[in-house]
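Quick notes on the structure that follows.
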């Protein structure tokens, strides 16, 4: 449309000049001895403009001809950049598709002449890691921040993530420490550090990070509780050889972080270090609040200074839970420990009638051995062995 308007304007100008020339009687006299040239003024003006346009076109053509190599080079560079942009997009797509070899190749093309060589190097490093080529992975990671320090946090995050996937947790923690020195730690970095600290067994740090992430609502409450329970369990196991430190630690555990699993681990730790009275009190307190058959079975392993109160306590639970085989097994063990052979046999056989458990068979076999009833003991030993097979 614009070209048509320009054409119409040129025609209008030509018509105007023609009309103006009809009313002009002037002429242009050029004297170059011995020549004398006389030209109409309108023709002279036309020739002047025509000569100007011709000279302009000639100079422009020369200029274009001289700049042709530069223009060709620029065109080729532009085409390479466009191709690199396409290669970058293909590399991202192929990485998510799981075609890691093609992603590595395309990322290499994008890195060579693309507008974002650092990002291309990140993609290439991830693809090399998926291909299990550590040498290429390292080479590409080293190229990430060259010329663009803004990509250093991204590189450190990738280094930490890949180190965790390889099981190199100390390396991941070191990378995250460098990240903290640069920009601090955001939610994603804290999650990575939590995984790394779990892998290293730094359970105090696991507790701190879990509480921090839970406070920022970056972990589901159920998941956070599971992680904290596991961390407390591991710390309790580490302290089970020292009764004093174990008691101090359990007193420091917040009430909202206590759970049935943690109680089980605490009782096992008390039993391991010989603190049977502490184990007894802890079990009784938990069972008064909530019934737990697995905890009741641990109650049968308690060997305090006097088991008579334990037997009385367990017999009070029996009317409330008459069909619990573990409670009957516990009563049988406690009575056997007090050498109450008759009551022990009654409780153990009642437990066996509810559930044929190997532990009950073994307790009955030991009881019959203690009471010199070897044939019956052997029957229960054979039955226990068959269950194991």
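Residue numbers (my numbering): 383 to 771.
Cβ atoms here follow ideal geometry from the backbone N, Cα and C, with glycine treated the same way.
It should be emphasised that the depicted structure is a prediction, and the values quoted were computed from it without experimental measurement.
Our two residues, residue 587 and residue 661, have alpha carbons roughly 28 Å apart in a direct line. In this chain, residue 684 is not harboured by any alpha helix (DSSP H), its DSSP state being neither H nor E.
For residue 420, the pairing in a beta bridge is given by DSSP as 411. Residue 675 sits in a helix when the DSSP states are folded into three classes. One Cα belongs to residue 506, the other to residue 451, and the distance between them is close to 34 Å. Here residue 566 is exposed, its C-beta having fewer than 16 other C-beta atoms within 10 Å. Of all alpha-carbon atoms in 617, 644 and 618, the one lying nearest the alpha-carbon of residue 608 is that of 644.
About 13 Å separates the Cβ atoms of residue 713 and residue 683, ruling out a contact at the 8 Å cut-off. Rounded to the nearest angstrom, the Cβ distance from residue 490 to residue 467 is 15 Å, too far for a contact under 8 Å. As the crow flies, the alpha-carbon of residue 541 is around 21 Å from that of residue 492. Counting only runs of 4 or more residues that sit fully inside the stretch 612 to 672, the alpha helix (DSSP H) segments are 625 to 634, 642 to 654 and 658 to 671, in chain order. Within the same chain, Cβ atoms closer than 8 Å to the Cβ of residue 596 are found at 603 and 606, the five residues on either side in sequence being excluded. Secondary structure note for residue 737: it is in no alpha helix (DSSP H), with a DSSP letter that is neither H nor E. With fewer than three CB-CB distances shorter than 8 Å, the stretch 661 to 674 does not count as touching the stretch 622 to 631. In terms of CA proximity to residue 487, 470 leads the group 443, 470, 439 and 663. In this structure the stretch 446 to 464 does not touch the stretch 473 to 488; the number of beta carbon pairs closer than 8 Å is below three. Bounds of any alpha helix (DSSP H) do not take in residue 566, whose DSSP letter is neither H nor E. Taking 8 Å as the upper bound for CB-CB distance, residue 749 and residue 730 are in contact here, some 7 Å apart. DSSP places residue 528 in the coil class of the three-state scheme, outside both helix and strand. Residue 700 sits in coil when the DSSP states are folded into three classes, being neither helix nor strand.
Taking a C-beta distance under 8 Å as the contact criterion, residue 766 and residue 747 qualify as a contact pair.
The distance from the Cβ of residue 570 to that of residue 546 is about 12 Å, inconsistent with a contact at the 8 Å cut-off. Here the alpha carbon of residue 591 sits roughly 24 Å from the alpha carbon of residue 534.
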